[in-house]
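Here the protein sequences come in this chain order: D and Z.
Residue 83 in numbering that gives the first Met the number 0 is what sits at position 84 of the first sequence, and the numbering runs on without skipping anything.
Residue 319 in numbering that gives the first Met the number 0 is what sits at position 320 of the second sequence, and the numbering runs on without skipping anything.
The beta-carbon is built from N, C-alpha and C at its ideal position, and this holds for glycine as well.
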Amino acid sequence: MYNKTVMDHFRNPRNVGIIEDANGVGEVGNPLCGDMMTIYLDIKDEKINDIKFQTFGCGSAIAVSSMLTELAKGKTLAEAKKITNKDVADALEGLPKNKLHCSNLGADALQVAIKNYEDKKAGKIQPELKRKEEHEHSHGEKCYCPYCDVEIQDDAKFCEACHSEIKAGH
Amino acid sequence: MKTINLDHISANPILPEVKEAMIAAIQMDYANPSSQHTRGEQAAADLEKARESVAKLINCDNPKEVVFTSCGTESINHAIKGVALANAQKGKHIVTTNIEHNAVIRSLRRLKSMGYTLTSVSVDEKGRVNPRDIAEAIKDDTILVSVMHSNNETGTIQPIAEIGKIVRGKGVIFHTDAVDSVGVVPIDVQKLNVDLLSFASNPFYGPTGVGGLYIRRGCQVWPLLDGGIQENNKRAGTENLIGIIGMGVASDLARRHMTERIAHSAKLKKKLLDELPEYIDEYIINTHPEFSLPHMVSMSVRYIEGESVVLMLDDDGIAVSTRSACATGSLRASHVLLSIGLDHADAQGTMVMSFGLDNAEEDVTAFLTALKNVVTTLRNISPLYKKAINNQNKQLSG
């Protein structure tokens, strides 16, 4: 199911752990979907000096977390803010179609952690952080059911053909 | 590295005697069982021989009550849609439970979109449905009740005979999905009080791609496949004779060896459950302690996710199954596990181990040893485990 790069990051995840005095922490996901990730940042001079992760999730989720921390470590905040979910998936040399939603965790958690750092710096009180649900049309103008490939309406919550629920961000 | 298969609920090896019979069948170059010439009649005779074997396995009155299908899912679709369509004049209400297999759920959803109404009865926290609740759900326009015999995610067995007595007593047609039970535990369609019973060949070491539907004589049900007159006009299409012959041989073997097979699995299951606490903590056993398939254990390991467990055990040469959202592709927790009261996070850590003829006691030990390492590794990565530890420490010091 997974290619060699993904399996490598799953079997030997990089940067697992916690940073005790992290100055940026980002938590995304929830057990309802089966994915949860926490990113810890140690930022010095606006650079990611150290980064660690904790993940509750499948093979994809763990691999994505690991790759993300590799991509982000040592980057300036400006560079890190540009890292997208697609970058992580590409660095892993691709994920199976039905696992792409797992890749959403990684970059989101990093951005939440960076924002946490910046808010703390600015003395802002953290509002409740919600996970971003982007509906990116990576497949042209039309929408397709991720399970049976039948064409569906843009905002469809349910596929008539195969009776599967459609999550946002398909 | 020796591979240990603890995922017999997903796929069983085909027994040597079954393979032999199927290879011989391939070499026979059978004619069409519907043909009028001698070769056709020979094919028909061998088809009926297989049918008799299967009929004996489930104790039908008449072998004609066994209809061969391509799989358990086809049998279920046939039963549910066939009864619904055939009895639409009488009513359009169907009763089922909240733990059924997707073949039942989606067939019913399809019917719902065509104007049928459903009542789904809940199981208790041990995963069993109360026959009285089924009785109460039956209305004047109820035409079908469908309750699964054993559940493929928890292994728990339902009180089918009791339910059947009530349902048929009210003049309503009763179907049971017994795909994981037939050939594994004793199944007697007379004792179970069923009108329709779906099953498949692979759970009792026959080939995949062959299943069966028991239809009690006189039951009002339309065919799923329209066409020729095969299967006594109940299921059109030239028969998969090679597969059916395999299923026939597997049926005979299952009947002959059922008691010892059950004893063999039960011993391994008991070893696993007894020794588990020596290896890991914080787990929930979902399988009913008394009414369950003898070879199956469903377990939710807290703070970690199922697919990652399966992948790591796979690296150790051990095959198990998981019901996590990611693994089943459903993107949400299993409806079955939620129905027995598991919370979402725990449901994601569900693994299913199922034993077979090829397993021995050392397989259990190897599995438990590997599992301990896998759980430790994954909990080390998991934010949920850290949270739980912190909470525990707070409580202890607080």
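ask   = To the nearest angstrom, how far is it from the Cα of Z:MET0 to the Cα of Z:HIS343?
value = One C-alpha to the other measures close to 35 Å.
ask   = Apart from the five residues just before and just after Z:ALA102, which ones in its own chain have a Cβ nearer than 6 Å to its Cβ?
value = Same-chain partners within the cutoff: THR72 and ILE75.
request  = Give a yes or no on whether the C-beta atoms belonging to D:MET6 and Z:PRO382 are separated by under 8 Å.
outcome  = no
Contact check, D:CYS57 vs Z:SER307, beta carbons under 8 Å = In this structure, D:CYS57 places its C-beta atom within 8 Å of the C-beta atom of Z:SER307.
key: Contacts around Z:THR368, its chain only, beta-carbon distance under 8 Å, and the 5 residues preceding and following it disregarded   = Closer than 8 Å at Cβ, skipping near neighbours: TYR278.
task = Return the CA-CA distance between Z:LEU5 and Z:GLU51, expressed in angstroms with no decimal places.
result = 32 Å
message = For a contact defined as C-beta to C-beta under 8 Å, what are the partners of Z:HIS100 on chain D?
response = In chain order: nothing, as chain D lies at least about 14 Å away.
ask   = Taking a cut of 9 Å between CB atoms, which residues from the region 286-309 of chain Z lie near chain D?
value = TYR302, ILE303, GLU304, GLY305, GLU306, SER307 and VAL309
request  = Answer yes or no: do D:VAL27 and D:ASP107 have a C-beta to C-beta separation smaller than 8 Å?
outcome  = yes
message = Let me check you understand the geometry: is the CB of Z:LYS125 closer than 7 Å to at least one non-hydrogen atom of the ligand COA?
response = Of ligands this structure carries none, so the ligand COA is not represented either.
Alpha helix (DSSP H) segment containing Z:PHE366, residue limits = 360-380
ask   = Can you list, in chain order, the residues of its chain whose CB lies under 7 Å from that of Z:ASP140, leaving out five sequence neighbours each side?
value = GLY90, LYS91 and HIS92
ask   = So what's D:PHE9 in DSSP terms, helix, strand or just coil?
value = helix
ask   = Which of the three DSSP states, helix, strand or coil, is assigned to Z:TYR302?
value = coil
request  = Using a Cβ-Cβ cut-off of 8 Å, state whether Z:HIS343 counts as contacting chain D.
outcome  = yes
key: Boundaries (first-last residue) of the beta strand (DSSP E) holding D:LYS123   = D:LYS123 -> no beta strand (DSSP E), and no H or E assigned at all.
message = Counting only Cβ-Cβ distances shorter than 9 Å, please list the residues of the region 57-70 of chain D near chain Z, keeping chain order.
response = CYS57, GLY58, SER59, ALA60, ILE61 and SER64
ask   = Run through DSSP, which three-state label would Z:ASN232 get?
value = helix
ask   = Interface residues of chain D around Z:LEU383 at Cβ under 8 Å?
value = PRO30, MET35 and PHE55, listed in chain order.
query = Interface residues of chain Z around D:VAL27 at Cβ under 7 Å?
reply = Neighbours of D:VAL27 in chain Z, taken as residues whose beta carbon is under 7 Å from its own, are absent, since the nearest beta carbon is some 10 Å off.
request  = Kindly indicate if chain B contains any beta-carbon less than 8 Å away from that of Z:CYS218.
outcome  = Among the chains of the structure shown, chain B does not appear; the protein chains present are D and Z.
task = Tell me whether the beta-carbon of Z:ASN239 lies closer than 8 Å to the beta-carbon of Z:ALA10.
result = no
Interface residues of chain Z facing D:CYS101 [CB-CB closer than 9 Å] = Annotation: Cβ neighbours of D:CYS101 in chain Z (cutoff 9 Å, chain order): CYS325.
query = How would you label D:CYS174, buried or exposed, when you count the other beta carbons within 10 angstroms and need 16 or more for buried?
reply = No answer is possible for residue 174 of chain D: the residues shown for chain D start at 0 and end at 169.
message = Need the endpoints of the alpha helix (DSSP H) that Z:HIS263 sits in, please.
response = 240-274
Best match in D:ILE42, D:PHE157 and D:ASP89 for proximity to Z:ARG105 [C-alpha to C-alpha] = The closest CA to that of Z:ARG105, considering only D:ILE42, D:PHE157 and D:ASP89, is found on D:PHE157.
query = Would a check of beta-carbon distances place D:ARG10 closer than 8 Å to chain Z?
reply = yes
query = What does Z:ASN389 pair with, by DSSP beta-bridge criteria?
reply = DSSP output for Z:ASN389 lists no bridge partner at all.
task = Below 8 Å on the Cβ atoms is my guess for D:LEU76 versus D:GLU45; work out the distance and round it to an integer in Å.
result = About 5 Å separates the beta carbon of D:LEU76 from that of D:GLU45, a gap short enough to meet the 8 Å contact definition.
task = Flag this pair as touching only if the region 135-151 of chain Z and the region 21-38 of chain Z have three or more C-beta atom pairs under 8 Å; answer yes or no.
result = no
inquiry  = Does chain D have any CB closer than 8 Å to the CB of Z:GLN394?
reply    = Cβ-Cβ to chain D under 8 Å: no for Z:GLN394.
Inter-residue Cα distance where the pair is Z:ASN448 and Z:VAL220 = The question about residue 448 of chain Z has no answer, for chain Z in this structure spans 0 to 397.
ask   = Any residues in the region 348-382 of chain Z with a beta carbon nearer than 8 Å to a beta carbon of chain D? Which ones, in chain order?
value = ASN379, ILE380, SER381 and PRO382
ask   = Between the beta-carbon of Z:ARG215 and the beta-carbon of Z:ASP187, is there less than 8 Å?
value = no
ask   = The beta strand (DSSP E) with Z:LEU14 in it runs from where to where?
value = No beta strand (DSSP E) contains Z:LEU14, which DSSP labels as neither H nor E.
query = Sorted by chain position, which residues of the same chain lie with C-beta nearer than 7 Å to Z:GLY81's C-beta, five sequence neighbours on each side aside?
reply = VAL220, TRP221, PRO222 and LEU223
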